[in-house]
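The structure appears below as structure tokens.
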């Protein structure tokens, strides 16, 4: 059901792009709206309302180790073997290890894994650690290094990091936010997922997946790492390093099998690097994640 909803919204975006309803600058404008306004509100509300014991758990450690291993594997091949530029290597690496824990992860957690809050630790990992590091490196390699203090301060001005950090702070401290204060964040944040998916659909118009000279090798490598290597790494860690079994093992592996997040495409758009690689990897892994999850469910559920 979650995949059908996502596909329908992306298809709607494709139609909007085909009829040019929002004009030629729609992808850029929507990407900035999501990044600077909508996503910080959504992530603040998700993390603020998740119990702290759910955020810091074995699933968090497994997700972190599996993500780092997947990102490192892509980076080593892309940088050392294929000699890709650093910004393209960063986008490709994120495509291989940054999972869609929000707009696909939450429906999958609810309908497949049986626990809507299961993806919260992964969201925490990605938005407080992976995204700030990746965005800081992209800023440094696309906008110039600048001074030391400017480099250090860039992540601190990141709206996604700020929203996520405030959400974790509320969860950790147990502060109760009055409903009239929280409601505007909930309303604005609720627009994040549909607009992100619509924008992704708009970007697909006039494009062909895996076009020659568009970085096909990078897309295929990132896809294989994301859908095959990352779940296997998570399974090995969960089973043998953390001793998980049954439902806990199923949840850890299922989360690792989620497709590449649209956030990576959003980051690529904002920096103007690796856009096609991010776009194609998101699409292929989104289509391929369903059969992979079905296999995992058959083996572990």
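In the numbering used here, the protein residues as written are 1 to 301. Note that beta-carbon positions come from the ideal geometry of N, C-alpha and C, so glycine has one too.
Contacts around residue i, its chain only, beta-carbon distance under 7 Å, and the 5 residues preceding and following it disregarded
i           : result
residue 289 : 227, 257, 258, 259
residue 210 : 216, 219, 280
residue 294 : none
residue 229 : 70, 73
residue 58  : 242, 244
residue 234 : 62, 66, 252, 253, 256
Residue i: CB within 7 Å of a non-hydrogen atom of the ligand ATP
i           : result
residue 168 : The model depicted lacks the ligand ATP and carries no ligand whatsoever.
Identified DSSP bridge partners for residue i
i          : result
residue 99 : 260
Element boundaries [alpha helix (DSSP H), containing residue i]
i           : result
residue 223 : 216-224
residue 200 : 192-204
residue 28  : 26-33
residue 54  : 52-55
residue 239 : Note, residue 239: premise wrong, no alpha helix (DSSP H); not H, not E.
residue 377 : The structure shown has nothing for residue 377, since the chain only spans 1 to 301.
residue 183 : 179-189
residue 275 : 275-300
residue 164 : 159-173
residue 141 : 131-142
residue 212 : Run containing residue 212: none; DSSP gives neither H nor E here.
residue 49  : Counting along the chain, residue 49 falls outside any alpha helix (DSSP H), and DSSP gives it neither H nor E.
residue 125 : 120-125
Integer Cβ distance of residue i from residue j, believed to fall under 8 Å
i           : j           : result
residue 6   : residue 104 : 6 Å
residue 276 : residue 215 : 6 Å
residue 242 : residue 113 : With a Cβ gap of about 17 Å, residue 242 and residue 113 do not count as contacting.
residue 279 : residue 176 : 41 Å between Cβ atoms; not a contact.
residue 8   : residue 255 : Actually they are not in contact, since the Cβ atoms of residue 8 and residue 255 sit about 24 Å apart, beyond 8 Å.
residue 27  : residue 162 : Between residue 162 and residue 27 the Cβ distance is about 24 Å, and since that is not below 8 Å, they are no contact.
residue 305 : residue 132 : This structure leaves residue 305 out entirely; the chain is present only between 1 and 301.
residue 55  : residue 168 : 7 Å
residue 262 : residue 292 : Residue 262 to residue 292, Cβ: 18 Å. No contact.
residue 138 : residue 267 : 7 Å
Proximal residues to residue i (C-beta, below 6 Å), its chain only, five neighbours per side dropped
i           : result
residue 238 : 62, 244, 249, 252
residue 231 : 253, 256, 257
residue 78  : 84, 89, 92
Own chain residues within Cβ distance below 8 Å of residue i, not counting five before or after
i          : result
residue 16 : 22, 26, 198, 201, 202
Enumerate, from N- to C-terminal direction, the unbroken alpha helix (DSSP H) stretches of 4 or more residues contained entirely within the stretch 58-87. 58-75
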